[in-house]
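Visitor: Residue numbers (the working numbering): 151 to 442.
Think of the CB as a built atom: it goes at the ideal place given N, C-alpha and C, for glycine as much as any other residue.
All values derive from a computational prediction rather than experimental measurement.
The structure's right below; bear with me while I get my questions together.
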Amino acid sequence: MVNQALPLRAMRFLRDKAFYRIVVSRRVSSESLKHIDRLSADTAVLTVAFNQPALIRLQLEGLTRFIHPAPAIIIVDNSSHPESRQEIAALAKEFGATYIRAPFNPFSSFQGSLSHASTLDWAWSRIIGESRVNNVLLLDHDIFPVAKLSLGSLFQGVAAAGVREERAGMWYLWPGFLAINRDLMGGPPLSFMPYRELDTGGSLWRSHYQSQSKDSTKFLTQAPHQVGERGNKQESEIELIDGRWVHLVDGSGWLDGVGKLDRLVSAPTSSKTKWRVEDLIGRLKQLGAPLP
């Protein structure tokens, strides 16, 4: 008996492959190329934004306030709402970050993981690959530093540093917080697409991690903390990464449309758009988070 699911899976595979090529084949605009040429810093932080200006404001404020020496900051805007793109572009200008609009991504309407992964592939090839930046920290847009730090230790002597995820006898570093030393990483071009049972970033297991020595990667701590009524992690947890970075977990609200920042705003009259990083830190401490 013919398995009816096989033709459907084959069609989805061909569709996803075609959509992926649409994304990664797009060239950056001539204006964006000028910005890339001006990237002279050895270290950069790259964030893929998606329809959450309030998160981007907090992140930019945290990066510029707590990290010394200051890295270059690159905002790759994958937002689907025009008003969000306008606000994020204005925030990038306000904080001195490089703003680059990501190409149209057909995955965004039905598969967030593939949308993020293909945008990362495009950004790595078209932005980082055309720059002089060697050390790159990839961040999700709902991750913020909450204490003074230097990024140097993340890149020193290792090809990559991040939070390890394991599935089906394989492992990869979660690209929501992933430091890559381009000189030491080497190997074939990087792709952050899923691979078999591995989620976004999983393809690096096949292309790089499985053949690298143990001391070429650094595994960072990831400690969950309850900050709301008990439920799933998207609703009630944050994570403290490497002791000095807060991951809100589900900042975009993909689970039920309510992002973690909305859950943290205590007073009905308060607005997340007016929050500053000290407001976020204060609220998390009030809820018992053991921040430094």
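Between the C-alpha atoms of Val-152 and Asp-349, what's the straight-line distance to the nearest angstrom?
Guide: Caution is warranted here: a pLDDT of 48 is assigned to Val-152, below 50, making its placement in the model unreliable, and no coordinate value can be reported.
Visitor: Check the C-beta distance from Leu-390 over to Val-396 and give it rounded, since I have them as a contact under 8 Å.
Guide: 6 Å
Visitor: Rounded to the nearest angstrom, what separates Phe-245 and Leu-210 at their Cα positions?
Guide: 7 Å
Visitor: What does DSSP give as the partner residues of Tyr-322 in its beta bridges?
Guide: Glu-315
Visitor: Out of Arg-177, Leu-430 and Leu-323, point me to the one whose CA is closest to Phe-448's CA.
Guide: Absent from the structure is residue 448, since the part of the chain shown begins at 151 and ends at 442.
Visitor: Let's see if you can read the secondary structure: which residues bound the alpha helix (DSSP H) around Ala-239?
Guide: 232–245
Visitor: Which residues does DSSP list as the beta-bridge partners of Arg-251?
Guide: Asp-227
Visitor: So, at 6 Å on beta carbons, what are the nonlocal neighbours of Thr-197 in its own chain, with the 5 sequence-adjacent residues on each side left out?
Guide: Ile-225, Leu-289 and His-291
Visitor: So, at 6 Å on beta carbons, what are the nonlocal neighbours of Trp-425 in its own chain, with the 5 sequence-adjacent residues on each side left out?
Guide: none
Visitor: CA-CA distance, Arg-356 and Tyr-345?
Guide: 8 Å
Visitor: Contact between the stretch 277–288 and the stretch 326–345 is defined here as three or more beta-carbon pairs at a separation below 8 Å; is this criterion met?
Guide: Judged by Cβ distances under 8 Å, the stretch 277–288 makes contact with the stretch 326–345, as three or more pairs qualify.
Visitor: Could you check where the beta strand (DSSP E) with Phe-294 kicks off and where it finishes?
Guide: 293–295
Visitor: So is Glu-181 buried or exposed if we call it buried at 16+ other beta carbons inside 10 Å?
Guide: exposed
Visitor: Can you list, in chain order, the residues of its chain whose CB lies under 6 Å from that of Thr-248, leaving out five sequence neighbours each side?
Guide: His-185 and Ile-224
Visitor: When the Cβ atoms of the stretch 230–237 are set against those of the stretch 306–324, are three or more pairs found closer than 8 Å?
Guide: no
Visitor: Considering only DSSP beta bridges, list what Tyr-345 is partnered with.
Guide: Leu-348.
Visitor: In whole angstroms, what separates the C-alpha of Gly-326 from that of Leu-205?
Guide: 14 Å
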